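The opening residue of the sequence shown carries number 1 in the UniProt record's numbering; numbering runs sequentially from there.
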Amino acid sequence: MAGIHHNVPEHLHYLKHSGKHSSNGDAHIKKHSVPESIHSRSRSPELIVNEERSWWYLFCIKCRAKESHPSWQPTFWSSTCPYPFCPTYRQFSRLVALVLIGVLSYCTLYAIIGDTAAPGGKVFTLVILSLCAHLGGWLMSLTTQPALIGMLFVGLLFQNVGVVDIDESYSHITKELRNVALVIILIRAGLDLDPHALRRLKFTVLKVGMVPWSVEAVIVGILSHYFLDMPWSWSLLLGFIVSAVSPAVVVPCLFRLRTRGYGVAKGIPTLIIAIAGICDAMSVAIFGIQKSIMFSNDSLTSQVLSGPMSVFGGLAFGILWGTISRFVPEKHDPFMVPLRILLLLVGGMISVFGSDVIGYGGAGPLGCVTAAFMSIYFWSNQGWEIEDNPAATAFEIFWMIFEPILFGVTGTQIKIKELDPEVVSVCVGILVVGTLIRMFGTILIGIGCKLNTREKVFCALALMSKATVQAALGPVTLGMTRNENEEEYAKKVLMVCVLSILLTAPTGAILITLTGPRLLTKTKFPDVPEGWRRSHRPSIRDISIIDEEERSDIEAANIENAISYNEKSGNNP
């Protein structure tokens, strides 16, 4: 082991300057794994080998994320709590801080609202459900599956085994929580749209994205009308919900492919993000318009005009709010970052909640996405990066809070004992047919685009996953029904939405992960200019098509982390 550690600096130098040495035949230098580097040198090689082969060691390595920067820790920490069997001091202190914040926040809430937050109360039940959903999502993420699947399963399990009982008395609370989650989803979708890339890829986005999206919506609507005995208004409503794409499933899979050295040329990651964001915005906007017409008591003329007015009003509000964000606050204001984030958040809130109040539900979601898109357009011109900026980071944190709430509550809406197996099988068949037609349509529509066949297949696979919009919109109509027939239709809408998440999210994640190395061009991280400090927040746009030795950059980072841990531990060879 001493020899291994002696060669670590030499190996690190080789990895950092591989472009200079690869042509000179230096491939004989041995590469070393992270476990060889971070384990204490005071233990015997036999013990270390046994530990490294144990399932417990592999599980701990999977659970403990590598630190991007060296952290301070007490002198006793490395010997008392060895990595990776125990968390680093940074991870431990972060967990303690979060626990303290959560406990004290709950105590404050209990002091304010009383018995509603007491054990057995509605707020307490939702808090427990959200915490358990977060834990279930974390466990699911260890399998490389989307965390939202675990969150949905926790809600489904807790409701059907009697741990919680989220009934109609919770409808007012859950409705508002879904709307807040929807605002965060739409703002993140708008912030992820790259204006410059959209200008370059606008025709490809329309062809590869919007045409298959509309085809799937119509196909699902037609099949639902004839096989689920739903009126055209309800079946088309369902079709546009189901046709939305989930970036929450696609983006993490692309991150994992990128860290393994695989990327996509020709701007495919940006293309997929753009298609997902625009499809989500259109699905939510059309859902809002359709919902307003279906449950409106206004005259026929008002209902006909509500669609165009919702589109015009949403676009106008979004452009106005985004333009305001260009000048307010002033770009050199020391409080510029929090003010921009809060303005964007309250603008999205008033857009979604206010449009429902005035009866134009479709305007709110469209205005929310447009405001976020216009804001990031102006902010990027002022120096902010599209993929890594304070607003995107803030709304990523907001989503981490509301994701377990949204999917946990959505899972509780399905009561297995009330399901009809025949109806479930029909719903599955509709989803399979709609998804397959969309995939083939994406490949065919891609003819003429600057994508080869493998890249078209990858786009088709990446755009099949569904999750966030379905979870946010699926239960909405349950609280708006006026008779038993409408309640039955609303339950079918919810069932199809939940099944679409359960079927397409894990399947899409698996297919993207397995087919990515076979369909995508092998890539590497671009060189980072000296003196330029990159944020630890990853970006799927940081790719090039330079073929290089696989994993070299990753191994260099791992060895740097290993050296820092050894220096902190204070163990000498």
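Note that beta-carbon positions come from the ideal geometry of N, C-alpha and C, so glycine has one too. Bear in mind the structure is a predicted one, so any value in this text is a computation, not a measurement.
Quick check: the segment 360-367 against the segment 298-316, are there 3 or more CB pairs under 8 Å? yes
Please determine, among V215, M400, P308, A392, the residue with the shortest C-alpha to C-alpha distance to Y360. Walking along the sequence shown from the start, residue 360 turns up at place 360. Of V215, M400, P308, A392, the smallest CA-CA separation from Y360 is found for P308.
Counted within 10 angstroms of its Cβ, other Cβ atoms place P212 as buried (16 or more) or exposed: The sequence position of residue 212 within the sequence shown is 212, counting from 1. The residue in question, P212, is buried, as its Cβ has 16 or more Cβ neighbours within 10 Å.
Three-state secondary structure (DSSP) of K207: In the sequence shown, counting from the first residue as 1, residue 207 sits at position 207. Here K207 sits in helix by DSSP.
Counted within 10 angstroms of its Cβ, other Cβ atoms place I543 as buried (16 or more) or exposed: The residue you call residue 543 lines up with position 543 of the sequence shown. With a pLDDT of 35 at I543, under the threshold of 50, the predicted position of this residue should be treated as unreliable, and no value is reported.
Inter-residue spacing [alpha-carbon to alpha-carbon] between I324 and G347: Working through the sequence shown from its first residue, we reach residue 324 at position 324. Working through the sequence shown from its first residue, we reach residue 347 at position 347. In a straight line, the C-alpha of I324 is about 11 Å away from that of G347.
Taking the straight line between their C-alpha atoms, what separation do you get for S79 and V96? To locate residue 79, count along the sequence shown from 1; it is residue 79. To locate residue 96, count along the sequence shown from 1; it is residue 96. Approximately 20 Å between the Cα atoms of the pair.
Between the beta-carbon of G411 and the beta-carbon of L139, is there less than 9 Å? On the sequence shown, position 411 is the one that residue 411 refers to. On the sequence shown, position 139 is the one that residue 139 refers to. Not a contact, by the Cβ cut-off of 9 Å.
Candidates D333, L193, V205, G479: closest to I447 by CA position: One-based indexing of the sequence shown puts residue 447 at position 447. For the residues D333, L193, V205, G479, the minimum Cα distance to I447 belongs to V205.
Using only the alpha-carbon positions, how far apart do G209 and T515 sit? Here residue 209 refers to the residue found at position 209 of the sequence shown. Here residue 515 refers to the residue found at position 515 of the sequence shown. Cα to Cα, the separation comes out at about 20 Å.
Environment of N389 [buried if 16+ CB atoms lie within 10 Å]: Walking along the sequence shown from the start, residue 389 turns up at place 389. When all chains shown are included, N389 counts as buried.
Which residue wins for smallest C-alpha separation from H482, given the options T301, G114, M294? On the sequence shown, residue 482 is found 482 positions in, with the first residue counted as 1. With the sequence shown as reference, residue 482 is identified as Arg, and His is not the correct amino acid for it. Comparing Cα positions, the closest option is M294.
Applying the 10 Å Cβ sphere with the 16-neighbour rule, what's the burial state of W77? For the purposes of this step, residue 77 is taken as the residue at position 77 of the sequence shown. Label assigned to W77: buried.
Which class does S141 belong to by DSSP, given the choice of helix, strand or coil? Taking the first residue of the sequence shown as 1, we reach residue 141 at position 141. Here S141 sits in helix by DSSP.
Could you check if V357 is buried or exposed, using at least 16 other CB atoms within 10 Å of its CB as the buried criterion? The sequence position of residue 357 within the sequence shown is 357, counting from 1. V357 is exposed by the Cβ-count criterion.
Taking D280 as part of the alpha helix (DSSP H), name the residues at either end of that continuous run. The residue given as residue 280 occupies position 280 in the sequence shown. Here the alpha helix (DSSP H) through D280 covers 268-294.
Classification of L494 by the beta-carbon crowding that lies within 10 angstroms, buried from 16 upward: Numbered from 1 along the sequence shown, position 494 holds the residue referred to as residue 494. Counting Cβ neighbours within 10 Å, L494 comes out buried, since at least 16 surround it.
Which of helix, strand or coil DSSP assigns to F240: Numbered from 1 along the sequence shown, position 240 holds the residue referred to as residue 240. Helix.
Using only alpha-carbon positions, find the residue among H134, E216, P517 that is nearest to I437. In the sequence shown, residue 437 corresponds to position 437, counting from 1. The shortest Cα separation from I437 among H134, E216, P517 belongs to E216.
Beta carbon of S310 nearer than 9 Å to that of L473: Position 310 of the sequence shown, counting from 1, holds the residue named residue 310. Position 473 of the sequence shown, counting from 1, holds the residue named residue 473. Not in contact: S310 and L473 (Cβ atoms no closer than 9 Å).
Under the three-state reduction of DSSP, which class applies to N179: helix, strand or coil? Taking the first residue of the sequence shown as 1, we reach residue 179 at position 179. Of the three classes helix, strand and coil, the one that applies to N179 here is helix, per DSSP.
Could you tell me if M400 is buried or exposed, where buried requires 16 or more neighbouring beta carbons within 10 angstroms of its beta carbon? Reading the sequence shown from its first residue, position 400 is the one you call residue 400. That one is exposed.
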